[in-house]
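Counting in our numbering, the sequence shown runs from 77 upward without gaps.
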Amino acid sequence: MKKIVLLALATVALCGASKANAQEVTYVEDCSQGVLMNRNADNWFITAQGGANVLVGYHDVKVPEFKNRIGAQAGLFVGKWVSPVFGFRFGASWVMPKGATTADGTFRKMNDGAFDNGYYPQKFMGIGGEFDVMINLTNWWCGYKPNRVYNAVLHGGAGARWNLRRAYKDGNLEWRASHDDNLYANIGLQNNFRVAKHLDIFIDLQAEGIDFDKAELLPSVNAGLTYHFGKNEWNCPVTAVCPTWKYTDAEGDALVANLNAAQNEIGNLKRQIKMLQDENNGNSRDKGSRVYADCERLATIYYPINQSSLSAREKNILRSVAGIMNQDTNKQYLLTGWADNYTGNDEINTRLREARVNGVKNYLVSCGVAESQLDATINNGNLEENYGADAAPLDRAVTIQVKK
Numbered sequence: 077m078k079k080i081v082l083l084a085l086a087t088v089a090l091c092g093a094s095k096a097n098a099q100e101v102t103y104v105e106d107c108s109q110g111v112l113m114n115r116n117a118d119n120w121f122i123t124a125q126g127g128a129n130v131l132v133g134y135h136d137v138k139v140p141e142f143k144n145r146i147g148a149q150a151g152l153f154v155g156k157w158v159s160p161v162f163g164f165r166f167g168a169s170w171v172m173p174k175g176a177t178t179a180d181g182t183f184r185k186m187n188d189g190a191f192d193n194g195y196y197p198q199k200f201m202g203i204g205g206e207f208d209v210m211i212n213l214t215n216w217w218c219g220y221k222p223n224r225v226y227n228a229v230l231h232g233g234a235g236a237r238w239n240l241r242r243a244y245k246d247g248n249l250e251w252r253a254s255h256d257d258n259l260y261a262n263i264g265l266q267n268n269f270r271v272a273k274h275l276d277i278f279i280d281l282q283a284e285g286i287d288f289d290k291a292e293l294l295p296s297v298n299a300g301l302t303y304h305f306g307k308n309e310w311n312c313p314v315t316a317v318c319p320t321w322k323y324t325d326a327e328g329d330a331l332v333a334n335l336n337a338a339q340n341e342i343g344n345l346k347r348q349i350k351m352l353q354d355e356n357n358g359n360s361r362d363k364g365s366r367v368y369a370d371c372e373r374l375a376t377i378y379y380p381i382n383q384s385s386l387s388a389r390e391k392n393i394l395r396s397v398a399g400i401m402n403q404d405t406n407k408q409y410l411l412t413g414w415a416d417n418y419t420g421n422d423e424i425n426t427r428l429r430e431a432r433v434n435g436v437k438n439y440l441v442s443c444g445v446a447e448s449q450l451d452a453t454i455n456n457g458n459l460e461e462n463y464g465a466d467a468a469p470l471d472r473a474v475t476i477q478v479k480k
């Protein structure tokens with residue numbers, strides 16, 4: 077009874093120390109696992125932009141000076157990011173390209189004379205609607221980061237444009253319908269820079285393919301602002317961060333030794349309890365008899381790192397094991413030498429395994445166990461494979477088990 081009380085007190089003290097040294101598990105968002113989808117009302121934005129374009133058509137290269145080919149344009153869009161990678165936008169665009177045409181050209185500037193080369197300047201104004209699909213290349217290739225400053229966004233789409241030309245009416249030069257409207261497709265790369273939580277500035281390099289009588293190209297450079305409404309970030313799955321094992325090898329060996337001693341003490345107490353129960357039930361055995369546990373693994377002998385010699389405590393355990401083996405000389409036992417694979421190298425670890433298992437075998441033989449009962453071998457794996465490198469001290473051992 078006194079032993080049981082002492083063991084209980086020791087267990088309480090050990091548990092208290094463990095709790096004091098334990099670190100709490102923390103929970104963090106891990107965006108490497110993906111993101112959680114937001115509500116439909118989240119991740120909306122509005123974009124305003126303006127810039128310059130150059131019309132590249134059949135006659136436009138005939139303009140004598142390049143500066144006379146630079147036109148203006150602007151756009152206003154509303155859009156939504158469906159995920160950190162994919163989104164869309166829709167809105168209106170306005171363009172005023174310049175170029176060159178022939179005398180009968182639809183968009184000829186009626187109040188200007190011809191160039192020296194015989195071509196006439198042209199200018200027209202287009203207003204239309206547009207829909208674009210957007211791909212955030214940075215989030216796609218590098219993973220989502222909520223505080224990233226730069227994002228490269230590829231966008232492409234199509235639209236329809238109503239065109240106006242300068243024409244005379246009753247002697248007055250006015251903007252009038254050209255009756256030469258067109259469809260267009262566009263592709264661009266928007267370079268976004270985050271300046272505030274809800275505000276981006278950007279430079280957009282874009283090109284349009286215009287469907288006139290002959291296909292024409294309208295490259296442009298734009299600058300603008302994007303304002304994000306409400307929630308514009310993405311939540312990531314929450315994962316647990318477990319504390320790392322901070323014990324040294326020496327501390328780990330000491331813990332293993334304490335656990336082994338506690339296990340031996342618990343085994344002794346269980347046998348004493350069983351004997352007392354048998355006595356109370358009238359099934360008491362002779363006082364000289366012993367009670368042994370019938371288990372597959374009879375014992376495990378542990379070693380400090382890089383050691384193969386037996387300590388006094390381990391020799392005491394082996395003497396008890398020899399007593400059990402001598403009770404039934406018909407039983408055979410498998411002795412297996414182990415070493416952890418996280419330290420040393422293959423040559424050193426093989427030598428340790430062989431030295432450990434041969435040392436145990438020789439000591440058991442010296443205690444009277446027949447050598448024919450003992451089969452000594454080594455195992456190149458880890459004894460506690462499921463627990464990884466943190467349990468390396470548990471792999472430095474010799475296991476003794478009954479052969480089946």
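Glycine residues also receive a C-beta, built at the ideal position from the N, C-alpha and C atoms.
- The DSSP-derived three-state label of L386 is coil.
- Scanning its chain for C-beta atoms nearer than 8 Å, with the 5 sequence neighbours on each side dropped, one finds around F305 the residues W120, F121, I122 and H274, in chain order.
- Setting aside the 5 residues that flank it on each side, E390 is surrounded in the same chain by I377, each with a C-beta closer than 6 Å to its C-beta; the list follows chain order.
- Between R165 and K199, the C-beta gap is not smaller than 8 Å, which leaves the two residues out of contact.
- By the C-beta criterion, the segment 464 to 472 is judged to be in contact with the segment 325 to 339, since at least 3 inter-stretch pairs fall below 8 Å.
- Counting only the Cα atoms, A465 lies some 11 Å from D325.
- Excluding its 5 nearest sequence neighbours in each direction, L152 has C-beta neighbours in its own chain below 6 Å: A124, G167 and A168, listed in chain order.
- Looking at A128, Y439, S442 and D118, the one whose alpha-carbon comes closest to that of A283 is A128.
- F269 is bridged by DSSP to Y226 and I277.
- Y303 and D257 have their alpha carbons spaced roughly 32 Å apart.
- In the DSSP assignment, D422 falls within the alpha helix (DSSP H) that extends over D422 to S442.
- The alpha-carbon separation between L240 and A261 amounts to approximately 19 Å.
- Here DSSP, grouped into helix, strand and coil, assigns T214 to helix.
- Separation of S296 and N116 (C-alpha to C-alpha, rounded to the nearest whole angstrom) is 33 Å.
- Excluding residues up to 5 positions away in sequence, L240, R241, A243 and K245 lie with their Cβ nearer than 7 Å to the Cβ of R252 in the same chain.
- By the neighbour-count definition (other C-beta atoms within 10 Å, threshold 16), K174 is a buried residue.
- In this structure, the straight-line span from the alpha carbon of G285 to that of I146 is close to 17 Å.
- K346 and D106 have their C-alpha atoms roughly 48 Å apart.
- The residues R165, H231 and G233, in chain order, have a CB closer than 6 Å to that of D208 in the same chain once the five nearest residues on each side in sequence are set aside.
- Burial check for F183: the Cβ neighbour count within 10 Å reaches 16 or more, so the residue is buried.
- A distance below 8 Å separates the beta carbons of A176 and D136.
- Of all C-beta pairs linking the segment 426 to 441 to the segment 389 to 405, three or more are shorter than 8 Å, placing the two stretches in contact.
- Leaving aside the five residues that flank L259 on each side, the residues in its chain whose CB is nearer than 6 Å to its CB run, in chain order, A236 and D287.
- Under the DSSP definition of a beta bridge, W414 lacks any partner.
- Nearest in C-alpha terms to K480, of all of N406, G413 and R429, is N406.
- Within the DSSP secondary-structure output, Y103 pairs in a beta bridge with A316.
- Between G126 and N298, the CB-CB gap stays under 8 Å.
- With respect to the 8 Å criterion, F269 and V225 are classified as neighbours on the basis of their beta carbons.
- In the structure shown, D246 falls within a coil segment according to DSSP collapsed to helix, strand and coil.
- When the five nearest sequence neighbours on each side are left out, no beta carbon in the same chain lies closer than 7 Å to the beta carbon of S387.
- Around the beta-carbon of Q266, 16 or more other beta-carbon atoms lie within 10 Å, marking it buried.
- In the structure shown, the three-state DSSP call for F142 is helix.
- Residue burial annotation: V317 is exposed, with fewer than 16 other C-beta atoms found within 10 angstroms of its C-beta.
- For L301, the enclosing beta strand (DSSP E) stretches over residues E292 to H304.
- In the structure shown, Q408 adopts coil according to DSSP, grouped into three states.
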